[in-house]
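When the letters of the sequence shown are read in order and numbered with numbering that gives the first Met the number 0, they come out as residues 0 to 156.
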Amino acid sequence: MKAVVSTVSSAQVTVAGDVVGAVDGNRDGAGRGALLALVGVGREDAPDAWRTVARKIADLRILPAPGEPWDGVRGSGAADNGAEILVVSQFTLMGATAKGRRPSWSAAAPGQDAEKVIDLLVDDLRGRGLTVATGRFGAMMEVSSVNQGPFTVIVET
């Protein structure tokens with residue numbers, strides 16, 4: 000399982016012209032920042048890999064500490080400062096590009112399995128009291144974001 004997690008001031012997902020999920024890092028004026036997590040589920044992932052990824056997304060100290068300017072070193076996690084999270088399923092993260100010119104998707108989990116795992120991850124984040132928006136699984140999505148930093152990390156299990 001892979002997650003590409005970016006700090007953003009805002010991000011949204013649009014499907015067929017309709018916004019289906021959005022986050023705003025300054026919704027209440029507190030300037031908490033927000034996270035955009037692009038998540039790929041692998042065919043060979045451990046059954047509980049989503050738990051580790053959810054914990055990392057919630058707890059990684061990559062956001063501004065409450066009341067302090069972002070300094071790139073110190074910070075807080077979404078669970079610490081109440082930042083919103085936009086989770087977007089992205090099977091292409093599992094693409095293999097070592098051979099040839101066309102990516103192979105054989106490492107990606109089948110759609111039905113991946114959707115269940117993404118749902119478990121989102122439910123876990125919400126169970127931690129976090130505000131989580133999502134894309135639409137399997138849809139052709141337009142994802143836009145305003146990155147902060149930029150600051151992006153890759154979480155892998």
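For glycine and all other residues, C-beta sits at the position ideal for the given N, C-alpha and C.
Only a predicted model underlies this, so the values are computations on that prediction, with no experimental measurement involved.
8 Å or more divides the Cβ of ARG101 from the Cβ of ALA57. In its chain, beyond the 5 residues on either side, GLY137 have a beta carbon closer than 7 Å to the beta carbon of GLY110. By the Cβ rule, the segment 20-27 counts as touching the segment 78-90, because three or more pairs are nearer than 8 Å.
Spatial neighbours of GLU155 in its own chain (CB-CB distance under 6 Å, excluding positions within 5 residues in sequence) are listed in chain order as LYS1. One alpha carbon belongs to THR130, the other to ALA48, and they sit about 21 Å apart. When DSSP reads this structure, LEU62 sits in a beta bridge with SER75. Linking ASN25 to GLY99 through their CA atoms gives a straight-line distance of about 44 Å. In the structure shown, PHE136 adopts coil according to DSSP, grouped into three states.
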